[in-house]
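Q: Per the working numbering, the very first residue in the sequence shown carries number 77; after that it's consecutive.
Dumping the structure here so I can ask a few things about it.
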Amino acid sequence: MVVKKLEKVSYEDALEMTGFGKFNYLMLALVGSMIMGMASEIFSVSFLVTASACELATVSSQQALIAGTPLVGIIASSHFWGYLADTQGRRKILSVSLLTGFGAGFLATFSPNWIVYMLLKFASSCGVAGTYALALTLLGECTPHTKRTTMIAYTTSIFLICTGSMAIITIPVLPLTFSYYIPYLNIHFNSWRLLNIIYCIPCALSGLGVLKSYESPKYLLSVGEEDKALEILRGINAINNGKDAEFKVMSVTLDEDRKATDVVGLWASLKSQTTPLLKPPLLKKTLLLSLLFIIVYFCSTSCLQSCKKVMRLNVNGYRGRRPKKVWMNCVKEDMHKKDMNSDMMTDREVWRSSTYRADPPLNPYMVWLPYIADGMMRAIERDDSNITFCQMLQTSLDVTKTQTANCGLDQTAMIMVFCIDVFMAILNLILTTIMTCTGRKTLLISLQLLSGVAGLLVNLSSSWIVSNILFIIYVSGVLNFGFLATFVVDVFPTYVKAMAVCLCLMVGRGSSVLGINILKALLTDHCQLSFYGFAGLAIVGGLISFLLPSDLKKKKNVEP
Numbered sequence: 077m078v079v080k081k082l083e084k085v086s087y088e089d090a091l092e093m094t095g096f097g098k099f100n101y102l103m104l105a106l107v108g109s110m111i112m113g114m115a116s117e118i119f120s121v122s123f124l125v126t127a128s129a130c131e132l133a134t135v136s137s138q139q140a141l142i143a144g145t146p147l148v149g150i151i152a153s154s155h156f157w158g159y160l161a162d163t164q165g166r167r168k169i170l171s172v173s174l175l176t177g178f179g180a181g182f183l184a185t186f187s188p189n190w191i192v193y194m195l196l197k198f199a200s201s202c203g204v205a206g207t208y209a210l211a212l213t214l215l216g217e218c219t220p221h222t223k224r225t226t227m228i229a230y231t232t233s234i235f236l237i238c239t240g241s242m243a244i245i246t247i248p249v250l251p252l253t254f255s256y257y258i259p260y261l262n263i264h265f266n267s268w269r270l271l272n273i274i275y276c277i278p279c280a281l282s283g284l285g286v287l288k289s290y291e292s293p294k295y296l297l298s299v300g301e302e303d304k305a306l307e308i309l310r311g312i313n314a315i316n317n318g319k320d321a322e323f324k325v326m327s328v329t330l331d332e333d334r335k336a337t338d339v340v341g342l343w344a345s346l347k348s349q350t351t352p353l354l355k356p357p358l359l360k361k362t363l364l365l366s367l368l369f370i371i372v373y374f375c376s377t378s379c380l381q382s383c384k385k386v387m388r389l390n391v392n393g394y395r396g397r398r399p400k401k402v403w404m405n406c407v408k409e410d411m412h413k414k415d416m417n418s419d420m421m422t423d424r425e426v427w428r429s430s431t432y433r434a435d436p437p438l439n440p441y442m443v444w445l446p447y448i449a450d451g452m453m454r455a456i457e458r459d460d461s462n463i464t465f466c467q468m469l470q471t472s473l474d475v476t477k478t479q480t481a482n483c484g485l486d487q488t489a490m491i492m493v494f495c496i497d498v499f500m501a502i503l504n505l506i507l508t509t510i511m512t513c514t515g516r517k518t519l520l521i522s523l524q525l526l527s528g529v530a531g532l533l534v535n536l537s538s539s540w541i542v543s544n545i546l547f548i549i550y551v552s553g554v555l556n557f558g559f560l561a562t563f564v565v566d567v568f569p570t571y572v573k574a575m576a577v578c579l580c581l582m583v584g585r586g587s588s589v590l591g592i593n594i595l596k597a598l599l600t601d602h603c604q605l606s607f608y609g610f611a612g613l614a615i616v617g618g619l620i621s622f623l624l625p626s627d628l629k630k631k632k633n634v635e636p
């Protein structure tokens with residue numbers, strides 16, 4: 077029997093004909109390893125800043141600079157990586173990105189001082205800045221439309237589990253007591269430096285692994301490489317359906333308005349990739365999705381990180397003591413070093429000191445997160461059921477007691493960080509399953525509105541249990557990041573897709589800098605206003621989400 081060959085099949089239909097199977101799960105595993113590499117390098121600073129404080133002799137302000145470096149690197153370079161991926165290919169640029177991150181991150185292990193360490197971490201964060209967005213782009217372009225949203229949403233769970241696993245890794249590694257002197261560098265190789273190397277390994281493995289994978293056939297089609305794209309589609313079909321399975325497509329077309337054009341010169345080419353996003357017909361999509369990313373990052377990301385930072389604040393030697401007191405007295409010790417008269421200052425005055433209010437973006441939670449832990453502990457100790465969430469936070473400002481700090485990380489706290497991430501990952505999987513029935517737009521709107529309403533209700537309850545449940549519901553809005561990313565992958569044409577994803581993420585990350593600092597200032601004297609303002613903005617984001625395109629499935633026009 078002669079099998080009918082199909083001419084000029086659209087890319088989406090051709091991809092559907094390859095099926096969904098082994099190749100797609102292998103691609104998800106590869107993308108997961110790339111996300112692990114990115115997360116390990118970017119978020120390693122959260123653990124290593126404290127662990128390295130003794131050897132590098134850093135004070136709070138210097139630790140804040142180090143902790144803020146990765147976000148600066150991401151914002152500075154993610155747009156450039158998107159341009160490279162749209163002009164040079166997804167696979168090659170992902171490999172370069174990850175291996176660059178590994179190289180700089182590995183060299184940071186041997187930093188003789190905190191300045192060198194900070195600069196190398198900046199370089200490594202610049203290296204992996206585009207990894208998440210480009211990995212999502214590659215996954216989306218290699219996954220059939222009917223499964224694309226689900227697969228991309230799974231990456232959020234992978235990301236959360238990866239960041240939680242980093243906390244678990246610290247438990248057996250940081251307590252190690254070995255120390256080897258390296259005379260050429262005048263440093264001691266010890267446990268925190270070993271931990272830094274461990275965090276670098278996923279970047280190297282995934283950077284090499286992506287070289288063994290296929291390039292995005294959609295990208296190849298967008299640059300006129302139809303024969304190569306068709307060859308890769310045949311390969312995907314063979315992996316999913318067996319080597320004997322025949323692929324009936326003879327030629328593939330890309331159903332998009334235009335293809336990339338050749339432009340001479342780096343900056344001219346970069347401009348040509350960016351300009352379409354800022355002009356009709358893509359301008360509306362760019363503005364809408366950028367605005368929604370701003371709201372999700374601004375309202376949810378900072379609050380989710382607050383939960384994690386509170387757990388990490390409980391350093392060794394302070395189990396059962398209030399983290400706020402520990403932090404406040406570490407601040408006072410640093411002020412002693414600067415000959416500041418901290419003994420005559422109250423905790424609230426120290427809190428308002430401009431020296432410690434000017435924390436860089438990634439580390440302002442060191443300032444206001446102790447509110448939560450201290451307030452909760454005080455409420456439990458006194459069995460007080462007639463106190464609101466903000467009242468619990470405000471009571472943590474009134475007590476002063478000197479303690480001695482060290483550079484360890486509490487093991488129980490690390491387990492709790494892991495549990496938080498796993499909980500959020502499981503919740504994301506549940507929502508992803510529900511999404512197949514409700515649709516991603518409906519789920520995104522519902523989660524955003526529910527998150528905002530919970531934030532508004534946090535301070536209306538005098539029960540600390542109810543308040544904490546509402547707070548957890550509120551921070552769950554960060555899961556909309558994954559669902560929102562699927563829209564970016566779908567609505568932009570291939571020739572600017574990677575650039576669009578990187579640009580939207582860059583704008584969102586920039587907004588988180590502003591959100592964190594505004595929230596830090598509001599919590600001092602206007603705690604309730606902070607919740608009402610941020611939660612209200614989350615609700616506005618839910619309403620704006622109604623403008624997103626419908627995710628109704630396209631009708632299939634290809635013969636079976």
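Yeah, the Cβ is synthetic: ideal placement off N, Cα and C, and Gly gets one too.
1. If you check the beta carbons only, do Ile637 and Val121 fall under 8 Å apart?
2. Classify Ile191 as buried or exposed, calling it buried when 16 or more other Cβ atoms lie within 10 Å of its own Cβ.
3. What is the DSSP secondary structure of Ile463, reduced to helix, strand or coil?
4. Could you give the residue range of the beta strand (DSSP E) that holds Phe265?
5. Looking at Ile142: is its Cβ nearer than 8 Å to the Cβ of Tyr193?
6. Given this structure, state the Cα-to-Cα distance separating Leu507 from Leu215, to the nearest angstrom.
7. Taking the alpha helix (DSSP H) that Tyr295 belongs to, which residues open and close that run?
8. Please name the residue, chosen from Leu104, Cys218, Phe178, that lies closest to Ser201 on a Cα-to-Cα basis.
9. Can you tell me where the alpha helix (DSSP H) holding Tyr260 begins and where it ends?
10. Looking at C-alpha atoms only, which residue of Thr351, Leu546, Phe123, Ser366 is the closest neighbour of Ala243?
11. Tyr230 to Ser171, Cα distance in whole Å?
12. Can you tell me whether Asn462 is buried or exposed? The criterion is at least 16 other CB atoms within 10 Å of its CB, across all chains shown.
13. Mind checking which residues open and close the alpha helix (DSSP H) that includes Cys603?
14. Please determine, among Met511, Ile521, Gly586, Phe499, the residue with the shortest C-alpha to C-alpha distance to Ser233.
15. Determine the extent of the alpha helix (DSSP H) in which Lys223 is found, giving its start and end residues.
16. Who does Thr329 pair with in a DSSP beta bridge?
17. Drop a sphere of 10 angstroms on the beta-carbon of Leu605, count the other beta-carbons inside from all chains shown, and report buried for 16 or more, exposed for fewer.
18. Do Ala90 and Val328 have their CB atoms nearer than 8 Å?
19. Return no unless some Cβ of chain C is closer than 8 Å to the Cβ of Asp162.
20. Thinking Ser282 and Asn266 are a contact (beta carbons under 8 Å), I'd like their distance in whole angstroms, please.
21. Looking only at C-alpha atoms, which of Phe96, Gly558, Ala530 sits nearest to Thr225?
22. Does the Cβ of Met326 have 16 or more other Cβ atoms within 10 Å, making it buried, or fewer, making it exposed?
23. State the CB to CB distance for the pair Gly206 and Gly158, rounded to an integer number of angstroms; the pair is presumed to be in contact (CB under 8 Å).
24. Would you call the stretch 537-544 and the stretch 267-282 touching, i.e. three or more CB-CB distances under 8 Å?
25. If we count the other Cβ atoms within 10 Å of its Cβ and call it buried at 16 or more, is Ile258 buried or exposed?
26. Please state whether the Cβ-Cβ distance between Phe198 and Thr145 is less than 8 Å.
27. Please report the straight-line C-alpha distance between Met467 and Leu533, rounded to a whole angstrom.
28. On a Cα-Cα basis, can you pick out the residue from Leu330, Val572, Lys168 that is closest to Lys347?
29. Using only the alpha-carbon positions, how far apart do Ala314 and Ser292 sit?
30. Looking only at its chain, what residues have a beta carbon closer than 6 Å to the beta carbon of Leu367, apart from the 5 residues adjacent to it on each side?
31. Ordered along the chain, which non-local residues of its own chain (more than five positions away) have a Cβ less than 7 Å from that of Ile111?
32. Once DSSP output is grouped into helix, strand and coil, what is the label at Leu284?
33. Could you give the DSSP three-state label for Ala133: helix, strand or coil?
34. Alpha carbon to alpha carbon, how far is Phe374 from Leu590? Give it in angstroms, no decimals.
35. Report the CB separation of Phe96 from Asn316 in whole angstroms; it is logged as a contact under 8 Å.
36. Excluding the 5 residues flanking Ser626 on each side, which residues of the same chain have their C-beta closer than 6 Å to its C-beta?
A: Considering the structure as presented:
1. Residue coverage of the chain in this structure runs from 77 to 636, which leaves residue 637 outside it and unanswerable.
2. exposed
3. coil
4. 263-265
5. yes
6. 20 Å
7. 293-298
8. Phe178
9. Where Tyr260 is concerned, there is no enclosing alpha helix (DSSP H), given that its DSSP letter is neither H nor E.
10. Phe123
11. 22 Å
12. exposed
13. 603-620
14. Phe499
15. 221-249
16. Ser86
17. exposed
18. yes
19. Considering every chain present, this structure includes no chain C. It has just one protein chain.
20. Actually they do not touch by this definition, with Cβ atoms about 27 Å apart.
21. Gly558
22. exposed
23. 6 Å
24. no
25. exposed
26. yes
27. First, the amino acid is wrong: residue 467 is Gln here, not Met. In a straight line, the C-alpha of Gln467 is about 14 Å away from that of Leu533.
28. Val572
29. 16 Å
30. none
31. Tyr208, Ala211, Thr231, Ile234, Phe235, Cys238
32. helix
33. coil
34. 7 Å
35. 7 Å
36. none
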